[in-house]
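Notes follow once the structure below has been shown.
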Amino acid sequence: MQYINRFSQNISQFGVSLMKRNFHNPHPKVNREGKIWRRTHKLPDHINQTKSLLEGADFRYVDNRPTPYGSREYNRILNQREIATKVVRLLEEMNFAENRYKNLEIEKENEKKNILARKLKPKGGVVPSKESEVDL
Numbered sequence: 003m004q005y006i007n008r009f010s011q012n013i014s015q016f017g018v019s020l021m022k023r024n025f026h027n028p029h030p031k032v033n034r035e036g037k038i039w040r041r042t043h044k045l046p047d048h049i050n051q052t053k054s055l056l057e058g059a060d061f062r063y064v065d066n067r068p069t070p071y072g073s074r075e076y077n078r079i080l081n082q083r084e085i086a087t088k089v090v091r092l093l094e095e096m097n098f099a100e101n102r103y104k105n106l107e108i109e110k111e112n113e114k115k116n117i118l119a120r121k122l123k124p125k126g127g128v129v130p131s132k133e134s135e136v137d138l
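Using our numbering, the letters of the sequence shown map in sequence onto residues 3 to 138.
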């Protein structure tokens, strides 16, 4: 019993020393108040998660001339144009495929109707009943 008491005391002392040494928080110098403020204002935790730095101009001319694109921004624009042309092309292909499928279904229906219309039909008009037969 004494061993268990001594062991539990050592554990509790060890737990207190862990809290004093701050082992549960390996980076105590992190600015948590900034993160809390950004979350309360519905902003991302890090400024690098927004595209405002990527998409904005680096500088402006005094006479309001347009600023030239940066190399990465220009590459990004070209990439987006390629993606847009692919999307348009694939949408056109999808529309073509849907229309073709609908037309094929309509053609199949029409072909079935034509086959049924060409089948043999009974000759003559009304088939006489037994009562109307003439006795010979």
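The beta-carbon is built from N, C-alpha and C at its ideal position, and this holds for glycine as well.
These figures come from a predicted structure and were not determined experimentally.
Three-state class that DSSP yields for residue i in the structure shown
i    : result
R78  : helix
R40  : helix
R102 : helix
L118 : helix
N66  : coil
T52  : coil
S73  : helix
Cβ-heavy atom distance, residue i to the ligand NAD, below 7 Å
i   : result
Q51 : The model depicted lacks the ligand NAD and carries no ligand whatsoever.
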